[in-house]
Amino acid sequence: MARRFLWSICLLLGLTSQGYAEEFEIQAVGVKFAPMVVVLQPGDRVSWTNMPAHLIETIDVMVPEGTEKIKTEMGVDVSFVFENEGVYVYKCTPHWGARMGGVLLVGNPSDIDGIIDSYMEEIKKDKSLLPAKGLLKKFRKQLQAQGLL
Ligand SMILES: [Cu+2]
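Take 4 as the starting number for the sequence shown in our numbering and just add one per residue.
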């Protein structure tokens with residue numbers, strides 16, 4: 004009887020934690036996104052606020068395979084749910100020269116280090132991606148600090 008009771012509790016907890024999606028907010032502050040790095044789980048939502056002169060555009064070669072492109076209109080607060088596990092790099096296109104962008108880690112993809120390395124390789128092939136270098140370096144450092152790498 005006691006065992007069955009415990010089992011029901013576990014089942015209940017398992018179900019509720021699975022159905023719970025979190026929400027994260029990123030604010031545009033000057034020509035930076037804060038926080039610049041967000042770690043989330045598949046199904047979680049990310050909102051970008053305080054976007055009067057900004058937009059979000061994912062970088063084609065720096066998102067998980069099969070991910071739909073995001074490109075928002077200038078000056079609009081937006082929010083998206085991320086389902087595909089992996090590392091997403093995005094930019095504010097008009098402020099890309101000032102390195103305005105950010106990185107999302109969704110879920111727990113295998114070989115995060117390898118993903119970062121492959122994105123760094125893309126930068127060597129395409130100079131317009133150069134601002135992503137600093138973002139990826141900070142991303143790697145933060146994951147190391149959090150014990151995720
Ligand atoms: Cu901007």
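Every residue gets a Cβ at the ideal spot worked out from N, C-alpha and C, and that includes glycine. Quantities reported herein were computed from a predicted structural model and do not represent experimental measurements.
- Distance between D80 and I59, taken at the CA atoms: about 10 Å.
- Residue environment: D47 is assigned as buried (16 or more neighbouring CB atoms within 10 Å of its CB, all protein chains considered).
- At least one heavy atom of ligand 1 sits closer than 7 Å to the Cβ of V34.
- Taking 7 Å as the cut-off, the C-beta of A37 does not count as close to any heavy atom of ligand 1.
- P134 has its Cβ no nearer than 7 Å to any heavy atom of ligand 1.
- Cα atoms of I118 and S131: separation of roughly 19 Å, rounded to the nearest angstrom.
- A check of alpha carbon separations from K141 across E25, V34, P38 and A24 identifies P38 as the nearest.
- DSSP places K72 outside both helix and strand once states are collapsed to three, so it counts as coil.
- Between H57 and F36, the alpha-carbon positions lie close to 10 Å from each other.
- In the DSSP assignment, the residues bridged to W51 are I29 and V81.
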